[in-house]
Amino acid sequence: MDFKLPDETIAIRDLVSEFSKKKIEPIASKIDKEDRFPMEIFREMGKLGLLGLTIPEEYGGAGLDFLTDGVALEEISYFSGSLGLSYGDHNNLVLDNLNRNGNKEQKEKYLPSLVAGQKIGSLCLTEPGAGSDALGGMKTTYERKGESYEINGTKTFITNAPNADVFLVYARNGKSYSQFILEREDGVETPKKIKKLGMRGSPTGEVVLRNITVGKERLVRAEGQGKSIILNGLNAERAVLAFGPIGIARRALDEAINYSNQREQFGKKIGEFELIQEKLAYMFTRLEAAKLLAYKAATMLSENVSDPSYAAASIMFASETATQITRDAIQIFGGYGYTEDYPLERYLRDAILYEIGAGTTEIRKIVIAKALLKK
Ligand SMILES: Cc1cc2nc3c(=O)[nH]c(=O)nc-3n(C[C@H](O)[C@H](O)[C@H](O)COP(=O)(O)OP(=O)(O)OC[C@H]3O[C@@H](n4cnc5c(N)ncnc54)[C@H](O)[C@@H]3O)c2cc1C
């Protein structure tokens, strides 16, 4: 068992960290306050080869593993949780999904421009009446019409949708679920950008599909394969996105340590008080435990080991840990932690999302328990 990250993962981590410190850190607070997606940074990431880390080189990617993909997401999230979310969504939910499920023509057509950051992708599963019960509650339909498919429905809470060019859409025909690749030019409408508690700057929107007609070359795999694509996709999404809350939590801990070494009360640094020390000790321990679980789940994903309990446990623990650590960091900052003059409140607002997106904490518990009971 090797607890050291592979050299190539360390090299990507350092590259992403340097880029994020230079380009994202100066505008992280502005991204949140103005709820603005920094398109220019996203495009630069594409030019630098940071998008599509797991995509094979023949499609412009770096051909790396999921651990490296996760570590890159952790570094971006350390500086901006919301850019991390949009990055993780584009990279994993869309690019990786297409790479695993698309045919050669689909990959050749869509992957290079998505990897280069010239186009943005979004994955459309959730609907107004279908969240946790994404399959059973799905109302978006597809219908075969000769050589074409017609798709109708409304998706909601879709990350990147307001800016997206490519939409991976799930639809059903009775009990048959299928995935389609849609383009904005097909007539996809994104009428509403949703205002949120946190993750501001990562645009979340509604996607309206009215009589969208596409050829059968847009169907992914085959009719009826949507359910298996969704379930495998959720597993990959959970294993990789777990690194988002880890990045946010690591930043909150670093800030809390610095502040504890500077702030004085009763003639002492607050870090000298044992009640503050206890908080720091727990924050560190929980973060390290979350990291180890995330490393394991991401490595299992790269090695194609199919066990949904690890990915679900990884994101469940990482997200709960991040909520707790960012909350503790606010407490260590006292009144200043509660103000917008410091970024602590942003960290908490951003962290909470990871207990909801990619299946809620409650659903993750069910996934873990079901897998355990089956063993
Ligand atoms: C910022 C943001 C970005 C998102 N990005 C995307 C995206 O890119 N693509 C996409 O498709 N979706 C996305 N989502 C949607 C997200 O996956 C859903 O919000 C999530 O799955 C929960 O669905 P819901 O909001 O409808 O809650 P509901 O399913 O209505 O759940 C409400 C509450 O009931 C609980 N609950 C539900 N069922 C059970 C059960 N069986 N047992 C116990 N408790 C239960 C839930 O845990 C929750 O606490 C995003 C959401 C947000 C907020």
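Per this note's numbering, residue 12 is the first one in the sequence shown, and the count goes up by one each step.
A virtual CB, placed ideally from N, CA and C, is assigned to each residue, including glycine.
What you are looking at is a predicted structure, and each value in this text was computed from that prediction instead of being measured.
Item                                                                                                            : Value
Val316 - DSSP class collapsed to helix/strand/coil                                                              : coil
Exposure label - Ser143; buried when at least 16 CB within 10 Å                                                 : exposed
Helix, strand or coil at Ser189 [DSSP, three-state]                                                             : strand
Distance between Asn163 and Gly140 (C-alpha atoms, nearest Å)                                                   : 15 angstroms
Validate contact between the region 119–134 and the region 291–299 using beta carbons, cut 8 angstroms, 3 pairs : no
Run of the beta strand (DSSP E) containing Val225, from where it starts to where it stops                       : Thr215 to Gly226
Separation of Gly278 from Thr371, as counted between CA atoms                                                   : 45 angstroms
Euclidean distance between Cα positions of Arg249 and Leu179                                                    : 18 angstroms
Whether Leu404 touches Leu364 by CB criterion (8 angstroms)                                                     : For residue 404 there is no data in the structure shown, the boundaries of the chain being 12 and 386.
Reduced DSSP secondary structure (H/G/I, E/B, other) of Leu136                                                  : coil
Exposed unless 16 or more other CB atoms sit within 10 angstroms - verdict on Thr350                            : exposed
C-beta atoms of Asn112 and Ile240 nearer than 8 angstroms                                                       : yes
Proximal residues to Leu75 (C-beta, below 8 angstroms), its chain only, five neighbours per side dropped        : Glu19, Thr20, Ile23, Leu64 and Thr65
Cβ separation of Glu161 and Ile223, assumed to be a contact under 8 angstroms, to the nearest whole Å           : 7 angstroms
Ligand 1 heavy atom lying under 7 angstroms from the CB of Lys32                                                : no
Boundaries of the alpha helix (DSSP H) in which Thr79 is found, first to last residue                           : Phe77 to Phe90
Span separating the alpha-carbon of Asp197 from that of Gln236                                                  : 22 angstroms
Beta strand (DSSP E) segment containing Leu179, residue limits                                                  : Val177 to Asn184
Whole-angstrom distance between Leu383 and Met311, CA atom to CA atom                                           : 17 angstroms
Ile377 CB to nearest heavy atom of ligand 3 below 7 angstroms                                                   : Judged by which ligands are present, ligand 3 is missing from the structure shown, whose ligands are ligand 1.
Cβ-heavy atom distance, Glu55 to ligand 1, below 7 angstroms                                                    : no
Any non-hydrogen atom of ligand 1 within 7 angstroms of Phe168 CB                                               : yes
Check: Ala267 C-beta below 7 angstroms from any heavy atom of ligand 1                                          : no
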